[in-house]
Each structure stands twice: as C-alpha cells, then as structure tokens.
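Structure, as structure tokens:
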Amino acid sequence: MGYRNSRLRVEDLVKRIKALPTKQRPRIVDSIETDRGFQTLSEFNDLLMAFVTADELELALKLYSNLCSYQLDPNCWTFSIMIRCYCKKNEPNEAKKIIDHMVENKIQPTVATFTVLINAFCRSGRVQKALEVLGIMGLINRKPTIQTYNCLLKGLCYVGEVEKAHELLRNIKKNSIRPDIYTYTAVMDGFCKVGRSDEALELLDEALGMGLVPNAVTFNALFTGYFKEGRPLEGVGLLKQMKERNCWPDYISYSTLLHGLLKWGEIYIAMGIYKEMVGIGFEVDERMMNTLLRGLCRRSRREEMLKYAYQVFDKMKNEGSVIYASTYDLVIEAFCIGKDADKAMDNLIEMARVGYALRRITLDKVIHVLCVEGKLEEALSVLVLHGIPSKSSFNVLIHEFNRRGRRLGAGNVFGAAVKVGVIPEREPRGCSAKREVLISYV
DNA sequence: CTAGGGTTAG
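Below, the structure written as structure tokens:
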C-alpha cells in the first residue's frame, strides 16, 4: 500500500500525528518511507505543506531530508514550502539560502514566497536583510505587492524607524500602489507606540478619505497610544466612535481600554467598561480582575467603590481565581476601611494559608481595626501568624489589654514582641509582669 | 491546472 494523496488522507494523517506525543511523531515519517513512499512529487509536496501548516516543522524538515530516497526532485513549490518552514522556525537565513539557490538555478520564486521571507526578517528586526531580499526581487523583476510593503512598514516601525515607515507610505502612494487598511494600521501603530497618537489619527482620516474601512486592530493601535500618553478618557470617546462606525470592539479593545483606565486612576469608568465587557460575554482574565480589584480597593474610601470591590472579590473567589498577594493586601486594607474586621481577619488568615508573605502594614491595619472593634482575642491571634507587626501595633495591643486590666494578655503581647526582637515602649501594667517576661524571653 | 503571502495588549 503506497501512500496515496488525497486531501482527506493528508488531513487524516496530520490529525493522527497530532494525537501522538511529540517524541513518537518522527516515526510516522519513517513509516511512510518503508511504506513505498510517494507516487508523485505533488503527493510529497502536499504532505510537506500539511506539516508546515500544522506547525510540525521538525517533521517537515525530516520529510524533506528524505526527499532523494523517494527518488523525487524538488520543484519550485517544494522550495517555497521549505522557505515557509524555515521562516516559521524563525530561521530566515536558512530560508534565504534556498531563495538564493532558486535564483541561481533560474527557478524564480513568486512574490508570495519573497514576502514570506521579507516578513520573517522584518519580524525579527533585521530590516536590512529584508531590504536585501527586496533588492533580489528587483533583479529578477518580481514586483512587490502591498502585502510585501506592509511587512516592511511593520519592520521599520518595529526597529523604531517610524519616520522612514511614514516616508515609505508616501512613496507607495506615489508609485500608484493602493495602500490598504493593513498599511495604514501598521504606520498608525508605529506612531502610537512612540506616543504620537495625533499623527496616527491624521493617518486614520487619510485612510477614511480613501474609502478604507478601519477594523478593530486599527482602533486598538489608537487605544494603546492614548493610554501611553495618559489620555484615558479619549480612549472612552474612541470606543464610542468605533461603535458608531459599526466596528465592533474586540477583547483586545476592551482590555486595553480597561487597563488604561485603571492605570490612570479612572476606576469608576473602568468599572463601567468592565460591566459592559461582561454584559457582552467577554471573559475578563485573572490578571485583569486582580488589577481591577486593586483599583477599586484603592478607592474604597468611597462607599460605592467599596461595594464594587466586595462584588468583584466575591466573584473572583466563586470562580476560583488566583488572588495575587498585592491584591490581598489591598482587599484587606479595604475591609479595614469598611470596618469589616472579621472579613479582614479571615482574609489575612487565608493569605497566610496560601503561603503569601504578610506585610507589616497589612498586619498593623488588621490589628488596628480589630482593636477598634473591641476584638482583642482576634487581634492577639494575629501575632501567631507568620509576619511581624510594627512596634506601634504591639504598643496598641498592650495598651488595650492594660486598659481592660488584663495583665496576662498584656504580658503575652510584650513577650511576643520581645521574641521577635521588638521592645515596645508600652509596658504591661505592674513591673513584675515585665520582669517575668524579660526573664523568660531574653 | 493549483497550491502560498500581511495586523493588535497588559
């Protein structure tokens, strides 16, 4: 049974390979070889291409290296696939060797093949090499298309040559190649990444004037620019404009916007955007939820924000999200602000249980609120957690115990302080208590 | 006779 080509068979084979552990995959290629190989080169090319599209690059290389054992000669298409393979592997220099070989042997690669290689060089910041390839194209009279230029534009922006990208865009127009929305998006993105959103906006107008239709990616570039420049509210305006243009914001639009608003302290508006996202059905990821929650907690002196913080925190707990240490700190602080001593304490214990370091400031705040609420026993139990409160917390505790005439409690606190190397100014009432403690701990 | 090429975030 020879390996017979049909699209179904190729897809089937790739599927079967995908189901295998990585280490066992090369064996399939060997089995093809022992299985009488390929009838035609086109069968071979089809499978090679299938490997490359399926990201099985090692298998593609292995298959290619077996080529002569099937007594087949590579053609233009075979080489093109291998160029794609090396580009995917981020080895454009290897790909270029193949292009050179093709050109030398008068097997002329098409624009698409050149574009793949130019893109690979650009993506890795080797714009010079990309331009060199463009030069080879010129030599054999292959004209770049707008896609080729788009790759170069992105490459130029990537290496910080936005000015040059802009100039190239002008030249493209002059040479009567019609830019498309990818072209404009690429240069706009370049401007936005260096804080020149206004120039990006001018380009957007130009694109609109040409009848091009901006998409979410185009707008997302502007979002990024606005937030880089500290203009979060203009981002909100942009969202509105997007919708008016019937361009539906995607997940990246929303999360960029949300992140920008949080970064610049527009927490209330951020909460609104968050609700909108959830309403549409976007899942807000854990990291973003942590950021949102921290923002809400920072504003928790406003009652409404505290309420939101509670809601978001509950939701995260219900969904089993990981709550970061920095988030716990702020949540506990918010509970303290909200005079919810028990919740503050519960979460402090929770924080200790999951193994997070307990910051002094957090311990202090919990001890303080527990004392204010008259929960002395709980305040005392904070001392058994792993973490050292500040001297003033020990002072407050000793004072509270003294005030209630609880000499033993005060002595315990004093002892705990001394044990961790803190000598409070406050002393347990009655000298004997202090002396006892000092004798037993020092 | 045909494969195939270009976007975005914290």
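Per the UniProt record's numbering, the very first residue in the first sequence carries number 1; after that it's consecutive.
Backbone N, C-alpha and C define an ideal beta-carbon position, used for all residues, glycine too.
Which residue marks the beginning of the alpha helix (DSSP H) containing residue i, and which one marks its end?
i	result
H386	Note, H386: premise wrong, no alpha helix (DSSP H); not H, not E.
A19	No alpha helix (DSSP H) contains A19, which DSSP labels as neither H nor E.
L41	41-53
I267	267-280
F335	325-337
residue 447	Missing from the structure shown is residue 447; the chain here goes from 1 to 442 and no further.
V162	162-174
D340	Element bounds for D340: n/a, residue is neither H nor E.
E77	Position check: residue 77 holds Trp in this sequence, whereas Glu was assumed. 76-88 is the extent of the alpha helix (DSSP H) around W77.
N150	146-158
P92	92-104
I181	181-193
Does residue i pass the burial test, meaning 16 or more other C-beta atoms within 10 Å, or should it be called exposed?
i	result
K96	buried
P428	buried
R403	exposed
R426	buried
L330	buried
E319	exposed
K15	exposed
H259	buried
V369	buried
A334	buried
M210	exposed
V442	Confidence at V442 is low in this model, with a pLDDT of 42, below 50, so its placement is unreliable and no value can be given for it.
V29	buried
I280	exposed
T40	exposed
L212	buried
D346	exposed
S176	exposed
S31	exposed
V10	buried
Since I believe residue j is in contact with residue i (beta carbons under 8 Å), could you give me their beta-carbon distance rounded to a whole number of angstroms?
i	j	result
K88	V52	7 Å
V127	V159	6 Å
G409	L380	7 Å
Q413	I398	First, the residue type needs correcting, since residue 413 is Val and not Gln in the sequence shown. Indeed they touch by this definition, with Cβ atoms about 5 Å apart.
T327	L293	5 Å
T256	T218	That pair is no contact at about 13 Å.
E229	S197	6 Å
T291	L261	About 10 Å separates the two Cβ atoms, so there is no contact after all.
At what residue ranges does the UniProt repeat "PPR" (215-249) contain a whole run of the alpha helix (DSSP H), taking only runs of 4 or more? Runs found: 216-228, 232-244.
Which ranges does the alpha helix (DSSP H) cover as unbroken runs of at least 4 residues, wholly within the region 360-417, from first to last along the chain? List check, alpha helix (DSSP H) in window: 360-372, 376-382, 391-403.
Taking 8 Å as the threshold, find out whether the region 147-159 comes into contact with the region 175-190 through three or more Cβ pairs. Yes, since at least three Cβ pairs between the region 147-159 and the region 175-190 fall closer than 8 Å, the two stretches touch.
Would you call the region 294-304 and the region 272-281 touching, i.e. three or more CB-CB distances under 8 Å? The region 294-304 makes no contact with the region 272-281: fewer than 3 CB pairs, one atom from each, lie closer than 8 Å.
Three Cβ pairs or more, each shorter than 8 Å: is that satisfied between the region 61-71 and the region 91-107? Cβ pair count under 8 Å is below three, so no.
Going residue by residue through the UniProt repeat "PPR" (285-323), where are the continuous alpha helix (DSSP H) segments of at least 4 residues, counting only ones entirely within it? Under the rule that a run must span 4 or more residues, the alpha helix (DSSP H) segments found entirely inside the UniProt repeat "PPR" (285-323) read 286-298, 303-318.
I want to know whether the region 76-90 touches the region 103-111 - three or more CB-CB distances under 8 Å. Cβ pair count under 8 Å is three or more, so yes.
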